[in-house]
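Residue numbers for the sequence shown follow the working numbering, so the first one is 1485 and each next one is one higher. Everything on this sheet refers to the single structure shown next.
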Amino acid sequence: MSKWNINFHWTRDRPMKYLLSILVLFSGLSFSYDFICDEPYTFYPDKNKRHLVRMDGTEVDMYKLSSDNYRLLKYSYNFITTDSKYEWEMDTLGTFKWSLDRETLMLIHWERYSRYQCKVVDWSGFKNALSELTDIVDKTKKKRKI
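Structure (structure tokens):
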């Protein structure tokens, strides 16, 4: 009888170990990428034309300044993944407006034929770039006369 109890406890604890290992495995499979994307530049990037891209799971968030620099715009889209690129924001014809090449990290807006070179950053670099854009908005608002 004691042998049965030992085996019972051994088999009862085993599924918990498997569940924990599965949890660890799936928590590592979720991904998040942060990018800073700029138009080609010689010395310093033009932060007024900068795009910040954050990919998490199946959703992409894009941040950029409005054309008058009074607002920080945020767009959220679902994206698809192919072997060579990420694509999002489908138009009425079924073609995607944005694509990010996975090898060259070139962000392309097909409607405007705009190209932005991206670099992968960590979360703190992304937060710093986001705060730089909000600082530009704040400085622009302070320049108003009325």
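Ideal Cβ placement from N, Cα and C applies to all residues, glycine included.
{"Query": "Kindly indicate which three-state DSSP category Thr-1624 falls into: helix, strand or coil?", "Result": "helix"}
{"Query": "The beta strand (DSSP E) with Phe-1563 in it runs from where to where?", "Result": "1556–1565"}
{"Query": "Anyone know if the C-beta pair for Tyr-1597 and Leu-1591 falls short of 8 Å?", "Result": "no"}
{"Query": "Does DSSP classify Glu-1595 as helix, strand or coil?", "Result": "coil"}
{"Query": "When we look at the beta-carbon of Ser-1583 and count the other beta-carbons within 10 Å, is it buried (16 or more) or exposed?", "Result": "buried"}
{"Query": "For Asp-1470 and Trp-1594, I'd like the C-alpha separation in whole angstroms.", "Result": "Since the first residue shown for the chain is 1485 and the last is 1630, residue 1470 is missing from the structure and cannot be characterised."}
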